[in-house]
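Quick note on this note's numbering: the sequence shown kicks off at 225 and runs consecutively.
Each residue gets a CB set at the ideal place from its N, CA and C atoms; glycine is no exception.
I have placed the structure first, in the form of structure tokens, so that the comments after it can refer back to it.
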Amino acid sequence: MKLKCLLVEFVADESGATAIEYGLIAAGIALAIIEVIYALGTNLVAKLQALATALK
């Protein structure tokens, strides 16, 4: 009977689910930031190369 109660409490416990959800949200935000930096970075490199060519 005691084991059954412990098993029921374990199944009902959702505290770990919240941590996983926050982790997934943080990972999504990190991917979005990386994508924006990557997009701006390639544009910035192209502009710097054009500037270097113009200065030659």
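Work out the CA separation of residue j and residue i for me, nearest whole Å.
i, j, result
"residue 250", "residue 241", "14 angstroms"
"residue 225", "residue 235", "16 angstroms"
"residue 263", "residue 271", "13 angstroms"
"residue 273", "residue 243", "44 angstroms"
CB-CB under 6 angstroms to residue i, same chain, minus the five flanking residues each way: which ones, in chain order?
i, result
"residue 276", "none"
"residue 269", "none"
So, at 7 angstroms on beta carbons, what are the nonlocal neighbours of residue i in its own chain, with the 5 sequence-adjacent residues on each side left out?
i, result
"residue 248", "none"
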